[in-house]
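**Student:** Position 105 (the sequence shown) corresponds to 105 in the UniProt record's numbering; numbering is contiguous.
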Amino acid sequence: MPRKFIKKYLPNESSLKNHKHLSWLGSHLHDPALWHLTRKSFSKAFLVGIFCAFLPFPLQMLIAALLAVFMRSNIPISVSLVWITNPFTIPPIFFFTYRVGTFLLGSPERNIELSFTREALSHDLPAIWWPLLTGSLFCGIVFSIIGYFVASQFWIYYVKKSWSLRKRKRKD
């Protein structure tokens, strides 16, 4: 199973339980389902993490952690997947979700220069907010559902493959 490989790269349970910014979650962090890697917790983590990655506002990691607790998915994977949107990928992803939003709402696309100054954002954000939010939520839902099923099928494939390798080794 991919447990060993995944656990090698994720923070350990005790460091997250004792993290100063997560202490307000208290006993909720002691639920074993949030830390163990099973097919369901792994797949649900993809659902949560990918959905939160498409949210067009800050604190995506916090939202992912809260949703992971609520849905009982693996917290480290849920929070890690939020980094699909990072400083390099945010502009193209959110431009795409904005275009999806304008298509879904039937509204015209605005010619907006990409500038992340306070003045530009305060001027352009009210004009693009609704299509951006609509497109982001739509894409987040669609891609997170796809991610859930792909992760689940990957897990099943990997388990079957490891079982067949074990059988071959026993025969030899």
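The beta-carbon is built from N, C-alpha and C at its ideal position, and this holds for glycine as well.
Keep in mind that this is a model prediction, so the values were computed, not measured.
Taking Cβ to Cβ, would you say Tyr148 is nearer than 8 Å to Phe46?
**Tutor:** yes
**Student:** Kindly indicate which residue of Leu62, Phe88, Ile93, Ser164 has the alpha-carbon position closest to the one of Ser78.
**Tutor:** Leu62
**Student:** Please report how far the alpha carbon of Val142 lies from the alpha carbon of Ile93, in whole angstroms.
**Tutor:** 14 Å
**Student:** With distances taken from CA atoms, which of Ser43, Arg72, Gly101 is nearest Asp31?
**Tutor:** Arg72
**Student:** Relative to the C-alpha of Pro56, which candidate in Cys139, Gln153, Arg166 has its C-alpha closest?
**Tutor:** Cys139
**Student:** Please report the straight-line C-alpha distance between Arg167 and Lys161, rounded to a whole angstrom.
**Tutor:** Correcting the residue type first, residue 167 is Lys in the shown sequence and not Arg. The straight-line gap from Cα to Cα measures roughly 10 Å.
**Student:** Output the residue ranges of the alpha helix (DSSP H) runs that lie fully inside the region 65-108 and measure 4 residues or longer, sorted by chain position.
**Tutor:** 75-81, 90-105
**Student:** Between which two residues does the alpha helix (DSSP H) carrying Ala33 extend?
**Tutor:** From DSSP, Ala33 is part of no alpha helix (DSSP H); its letter is neither H nor E.
**Student:** Can the beta-carbon of Thr85 be found less than 8 Å from the beta-carbon of Gly135?
**Tutor:** Their beta carbons are not under 8 Å apart, which means Thr85 does not touch Gly135 by this criterion.
**Student:** Can you tell me the Cα-Cα spacing of Lys171 and Ser164, whole angstroms?
**Tutor:** Here the C-alpha atom of Lys171 lies approximately 11 Å from the C-alpha atom of Ser164.
**Student:** According to DSSP, is Phe42 part of a helix, a strand, or is it coil?
**Tutor:** helix
**Student:** Taking Leu66 as the reference, give the member of Leu132, Leu34, Thr89 with the closest Cα.
**Tutor:** Leu34
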